[in-house]
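> Using my numbering, the letters of the sequence shown map in sequence onto residues 23 to 516. Heads up, the beta-carbon is just placed ideally off N, CA and C, and yes, glycines get one too. These numbers come from a predicted model, not from an experiment.
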Amino acid sequence: MSRRTLRALTLAVSVTWAELRHDPAHAALFAGRLLSARDRGPLTPAERRPAASTRPTASACPTGPVPAPPGRRILPVPGRVLHLVPEGLPERHTNATARTQALARAQSAAGLDPHVVTRIGFPLDHGVFDARPLHLLDGVPQHRLLPRWLPYNPAAALNRQAELTARLVERLRPSVLHVGGDAGDGLVALALRETYGLPVVHEVRWTEQENHGSGHEGHGSGQKGRPSRKRGRSRGNDSRPAGSEWETHCLREADAVLTASRAMKTEIVSRGVPEERVHIAPEAVDPAFLAPLPDGTALRADLGIEPGEHVVGTVGNLTHPEEIGTLLEAAAELRRRGVPVRLLLMGEGPERRALETLAARLGLTGAMVFTGRVPHDRLRAHHAVLDVFAVLRIAEHPHPAAPPLAAVEAMASGLPLLASDLPAMTELVDPGVNGLLLPPNSTPAWTDALGMLLSTPKKRHAWGTAARATVIRDRSWERIATTTLDVYRTLGCA
Numbered sequence: 023m024s025r026r027t028l029r030a031l032t033l034a035v036s037v038t039w040a041e042l043r044h045d046p047a048h049a050a051l052f053a054g055r056l057l058s059a060r061d062r063g064p065l066t067p068a069e070r071r072p073a074a075s076t077r078p079t080a081s082a083c084p085t086g087p088v089p090a091p092p093g094r095r096i097l098p099v100p101g102r103v104l105h106l107v108p109e110g111l112p113e114r115h116t117n118a119t120a121r122t123q124a125l126a127r128a129q130s131a132a133g134l135d136p137h138v139v140t141r142i143g144f145p146l147d148h149g150v151f152d153a154r155p156l157h158l159l160d161g162v163p164q165h166r167l168l169p170r171w172l173p174y175n176p177a178a179a180l181n182r183q184a185e186l187t188a189r190l191v192e193r194l195r196p197s198v199l200h201v202g203g204d205a206g207d208g209l210v211a212l213a214l215r216e217t218y219g220l221p222v223v224h225e226v227r228w229t230e231q232e233n234h235g236s237g238h239e240g241h242g243s244g245q246k247g248r249p250s251r252k253r254g255r256s257r258g259n260d261s262r263p264a265g266s267e268w269e270t271h272c273l274r275e276a277d278a279v280l281t282a283s284r285a286m287k288t289e290i291v292s293r294g295v296p297e298e299r300v301h302i303a304p305e306a307v308d309p310a311f312l313a314p315l316p317d318g319t320a321l322r323a324d325l326g327i328e329p330g331e332h333v334v335g336t337v338g339n340l341t342h343p344e345e346i347g348t349l350l351e352a353a354a355e356l357r358r359r360g361v362p363v364r365l366l367l368m369g370e371g372p373e374r375r376a377l378e379t380l381a382a383r384l385g386l387t388g389a390m391v392f393t394g395r396v397p398h399d400r401l402r403a404h405h406a407v408l409d410v411f412a413v414l415r416i417a418e419h420p421h422p423a424a425p426p427l428a429a430v431e432a433m434a435s436g437l438p439l440l441a442s443d444l445p446a447m448t449e450l451v452d453p454g455v456n457g458l459l460l461p462p463n464s465t466p467a468w469t470d471a472l473g474m475l476l477s478t479p480k481k482r483h484a485w486g487t488a489a490r491a492t493v494i495r496d497r498s499w500e501r502i503a504t505t506t507l508d509v510y511r512t513l514g515c516a
C-alpha cells in the first residue's frame, strides 16, 4: 500500500469516526461514498459533481482567534500569491471555486505566481478519496492540507490548519496572503501574518448579516462579546462572538479588502473598515461567455418551446428570497392578454414544488419549463433560447448588496435584464440602456415591463448589445487581475 493511499485511509477513518460520534447515519453514508470511490479508482468527470460535505471541521463560525503558529523568517518571492480558500475545483464546482480558479489563471497571465491552498481535510472530508498534496489545474498549483488525523473540533481544526499552512508558506515564500473564504480562513491568514509579517488581502464575495443590536455603535469599542479592532490585540480575547462578527474582525484587521460591488463596499465600511482599504473587484465572466451564442433552435424544440413564443428565463436557487412567484404572476397576466410568453426556470431549491403548484393554479403548467440545475458548460446553450433575463429578489433579501454572477453571465451573452431594484442590481443595470430596474414584489410593474420589452424586438436587441458591452468594458478577468495587482503593489508585495 502506497504512502498516499495509507494517508487517505487514515484521514478517511478520522473523519468517519468523528461523524460516527455525532451522526451515525451520516457516518455510514460518508464511509460508503469513500469506499465506493476507493474501489472504482479516480472519479470520472461526470462524477465530479458537488457532493454533500461532512460536518465542517474548520467551521465557518470560529469560536476564537487562531494562535500564531511557530515559524522561521522567510524571504518572500515578489508576485507570489497564496490564495486561502475552503474548497477547490474540480471536486467542488461553485461560483466561489470557479472565481478563485479564474482569478488565479488571470493573475498568472498578468505575471503573478498564484498558488491555492484549500482548507484542512479537503477533498477527503467531501467524500473524495484523493490524498494528493498537490493538484495542478490549468497550470495553477492547488495545495491540500491532509494530516494523518483530522481534528473535528472547529478550534482545533483551525489551529492545525494554521500549522500546516505555515509549513507551506515556508516552502513557497509568498509575498501576500489572499483570503477567498470565510472568517475561518481569515483568522488563519491573520495568524500567519503575525508569524511571517505577510500582508493579508481579504476578498469578500458576500457578507453575513451582523446583529448589531441598537446599531453600529459597537464598532471599535472592544466591548465584551466582540473582537477587538486593535491590530494584534485580539489574541487574548476570550469572548465568543458570532461568525459574522469574526468576519467583521477579519475585515478590520486585513491590510486590504476586495469586494464585488459599491454597495458591498458601503456595507463593509459601515462595519468600521477604513474606506481607503476597501477596493472593488466585481464579478467577472469566463471569456467563453463573450463568444457568439450557439444556435438555440434544437434546444427550443427539446424544451417544447413553440415557434413564435417569447422566452423569459432566470437562473438561481428556487428559494423565497428570489421571489420567482412574481414572475409567474406577470407571465400569467401577459398570457391572458394574448402575449405568447413562456418561462424557463434554471435551478433547484426548496420552493420548486410550491412554484409548480402556483403555476398550475395560474394556468401556466404548459407554459413553464423547470430545467433543474443546468451544468455550467450548458448555460450558454440555454441563454440562446431566451429573449429576456430576469433577476427577482424580495426587498428583504439576505444579501441585497451581493450581485448575482448569473446576471453578469446573461449580460455577457447579450441578454437584456429586468431586475429588482436593489443595491446589488443598480450597479449592473443602466435603466433604459441595458435593462430596467423594477420594484420588488410588484406584479403590475413586472407585467408592464415584460409586455413592453417582448413587443419591441429592436429595443431588446439594443439593450442586449449594451449589456454585453458593459461586461466587456468592466468585467473581464484581465481587468480584475489588474485590480488585484494594483492592490498588491500598494502593499509592496508585487
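1) Counting Cβ pairs, one atom from each stretch, are 3 or more of them under 8 Å apart for the stretch 478 to 487 and the stretch 436 to 443?
2) May I have a chain-ordered list of the alpha helix (DSSP H) segments no shorter than 4 residues that lie completely inside the stretch 83 to 113?
3) Does the beta-carbon distance from L340 to G388 come in below 8 Å?
4) What is the DSSP secondary structure of L212, counted as helix, strand or coil?
5) Buried or exposed for T379, going by 16 or more other Cβ atoms inside 10 Å?
6) Give me the Cα-Cα distance between G330 and P309, rounded to the nearest whole angstrom.
7) Would you report the Cα separation of G206 and V334, rounded to the nearest angstrom?
8) Indicate the three-state DSSP secondary structure (helix, strand or coil) for I327 in the structure shown.
9) Assign M474 to buried or exposed, taking buried as 16 or more other Cβ atoms, counted over all protein chains shown, within 10 Å of its Cβ.
10) Give the secondary structure of T448 by DSSP, where H, G and I count as helix, E and B as strand, and everything else as coil.
11) Taking all protein chains shown into account, decide if P422 is buried (16 or more other Cβ within 10 angstroms of its Cβ) or exposed.
12) Buried or exposed for V509, please, with buried defined as at least 16 other CB atoms from any protein chain shown within 10 angstroms of its CB.
13) Keeping to the same chain, check which residues put their C-beta closer than 7 Å to that of E431; ignore five residues upstream and five downstream.
14) Distance check for E449 and P461, CA to CA, integer angstroms please.
15) Look up A412 in the DSSP assignment and say whether it is helix, strand or coil.
16) Quick check: the Cα distance between D135 and L194, rounded to an integer number of angstroms?
17) Whose CA, out of P145, A417, G318, R299, lies closest to the CA of L172?
18) When the Cα atoms are used, what is the spatial distance from D443 to Y174?
19) Going residue by residue through the stretch 273 to 356, where are the continuous beta strand (DSSP E) segments of at least 3 residues, counting only ones entirely within it?
20) On the premise that A429 lies in contact with F411, defined as a C-beta separation below 8 Å, what is that separation, rounded to the nearest angstrom?
21) In chain order, what residues of the same chain lie with their CB nearer than 8 Å to the CB of R395, ignoring the 5 residues before and after it?
22) Just checking, does the stretch 212 to 230 make contact with the stretch 87 to 97 on the three C-beta pairs under 8 Å criterion?
23) In whole angstroms, what separates the C-alpha of P84 from that of R299?
24) What's the gap between the Cα of V391 and the Cα of A376?
25) Are the beta-carbon atoms of H157 and V139 separated by less than 8 Å?
26) E225 bridges to which residues according to DSSP?
27) Which residues does DSSP list as the beta-bridge partners of S442?
28) Which of helix, strand or coil does DSSP assign to S477?
29) Using the Cα positions of L220 and S283, report the straight-line distance between them to the nearest angstrom.
30) In the DSSP assignment, find the unbroken beta strand (DSSP E) run with P136 in it and report its ends.
31) Give me the Cα-Cα distance between V455 and D470, rounded to the nearest whole angstrom.
32) Using beta-carbon positions only, say whether H148 and E113 come within less than 8 Å of one another.
33) State the Cα-Cα distance for the pair L315 and R170, rounded to the nearest angstrom.
34) Confirm, please, whether the CB-CB distance from A313 to L472 is below 8 Å.
35) Mark S197 as exposed unless 16 or more other C-beta atoms lie within 10 angstroms of its C-beta, in which case mark it buried.
36) In whole angstroms, what is the alpha-carbon distance linking E355 and T270?
In short, the structure shows the following:
1) Counting Cβ pairs under 8 Å, three or more are found: they touch.
2) The qualifying runs do not exist here; there are none.
3) It is not a contact, given that the beta carbons lie outside the stated cut-off.
4) Helix, per DSSP.
5) Around the beta carbon of T379, fewer than 16 other beta carbons sit within 10 angstroms, so the residue counts as exposed.
6) Cα to Cα, the separation comes out at about 31 Å.
7) Put simply, the backbone Cα of G206 is about 40 Å away from that of V334.
8) Residue state, collapsed to three classes: coil.
9) Per the 10 Å Cβ criterion, exposed.
10) Residue state, collapsed to three classes: helix.
11) Residue burial annotation: P422 is buried, with at least 16 other C-beta atoms found within 10 angstroms of its C-beta.
12) With 16 or more other CB atoms across the displayed protein chains lying within 10 angstroms of its CB, V509 is buried.
13) Result list for E431: V307, F311, L401, in chain order.
14) The straight-line gap from Cα to Cα measures roughly 16 Å.
15) Correct three-state label for A412: strand.
16) Distance between the alpha carbons of D135 and L194 is about 10 Å.
17) If we check each option's Cα against that of L172, P145 comes out closest.
18) D443 and Y174 have their C-alpha atoms spaced approximately 43 Å apart.
19) Secondary structure in the stretch 273 to 356: the beta strand (DSSP E) runs of 3 residues or longer, each lying completely within the stretch, are 278 to 281, 300 to 302, 332 to 337 in chain order.
20) Sure, about 7 Å apart at Cβ, within 8 Å.
21) Correct list, in chain order: M368, G369, E370.
22) The stretch 212 to 230 vs the stretch 87 to 97: in contact.
23) P84 and R299 have their alpha carbons spaced roughly 24 Å apart.
24) One C-alpha to the other measures close to 15 Å.
25) Contact check for H157 against V139 fails: the beta carbons are separated by 8 Å or more.
26) Looking at the DSSP output, E225 bridges to L280.
27) Answer is L460, bridged to S442.
28) Coil, per DSSP.
29) Rounded to whole angstroms, the gap between the alpha carbons of L220 and S283 is 26 Å.
30) First-last of the beta strand (DSSP E) with P136: 135 to 140.
31) Rounded to whole angstroms, the gap between the alpha carbons of V455 and D470 is 17 Å.
32) Taking 8 Å as the Cβ cut-off, H148 and E113 qualify as a contacting pair.
33) Going by C-alpha positions, L315 is about 48 Å away from R170.
34) Against a cut-off of 8 Å, the Cβ pair of A313 and L472 comes out as no contact.
35) By the neighbour-count rule (16 or more Cβ atoms within 10 Å), S197 is buried.
36) Between E355 and T270, the C-alpha separation is close to 45 Å.
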